[in-house]
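Taking this note's numbering, I'd label the letters of the sequence shown as residues 218 to 351. For every residue, glycine included, the Cβ atom is placed at its ideal position computed from N, Cα and C. Note sheet for the following structure.
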Amino acid sequence: MRQHRNDFEPFVEDDVPFDRHLSNLAELGTYAGNDCIVAFARLHEVVVVIHQLNAPLWQICGREGKKNMPELHISYHNGDHYNSVRKINDHNSSSPACIKLSENIHKLPQTAAIVFGAQMVQGHACLGRLLQPL
């Protein structure tokens, strides 16, 4: 974020200087927002897919034009919290679930899911049919 200040500084809260914002993010226990998700996707050249109940999927592409990038799926809750999306019965807490969106996802109007442990609540479309194991 520091190396691409012009991309990120306009999105920092007005009352917090950019350098202070970055210092705050470096502290353990500091929650990150969308700016950090964009920075993460760019740094690691991944697609971050954000699921939210009753909302379309958001896809943040880490590098435009690059094909077959790994996907990292997270869910967004109550306007202030992100969780890692896991497969049902995935008890491996040391690595993210290997999930890839189906090529047909653009044909559906909305898809969202919330994952709480091993329980999945589905939105408008059946997400289980759209996710493909890698």
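Keeping to the same chain, check which residues put their C-beta closer than 7 Å to that of residue i; ignore five residues upstream and five downstream.
i	result
V255	I277
F333	Reliability of the predicted coordinates at F333 is poor, the pLDDT of 34 falling under 50, and no value is obtained from them.
In chain order, what residues of the same chain have a beta carbon less than 8 Å from the beta carbon of residue i, not counting five sequence neighbours either side?
i	result
N295	none
R222	F235
Would residue i and residue j be called neighbours here (beta carbons separated by less than 9 Å)?
i	j	result
I267	Y293	yes
M286	C253	no
V265	I291	yes
C318	E288	The sequence given here places Leu at residue 318; Cys does not occur at that position. Yes, they are a contact pair.
Over what stretch of residues does the beta strand (DSSP E) that includes residue i continue unbroken?
i	result
H308	Note, H308: premise wrong, no beta strand (DSSP E); not H, not E.
N300	298-301
Judging by CA-CA distance, which residue of the options is the nearest neighbour of residue i?
i	options	result
A258	G250, L239, R280	R280
F225	A249, P273, L245	A249
D297	L289, Q269, D307	Q269
K284	Y299, E262, L239	E262
If I measure Cβ to Cβ from residue i and keep anything under 6 Å in the same chain, skipping five residues before and after, which residues do I get?
i	result
W275	I267
What are the start and end residues of each continuous alpha helix (DSSP H) run of 4 or more residues lying completely inside the region 219-285, in chain order? Taking 4 residues as the shortest admissible run, the region 219-285 contains the following complete alpha helix (DSSP H) segments, listed from N- to C-terminal end: 222-225, 235-243, 251-261.
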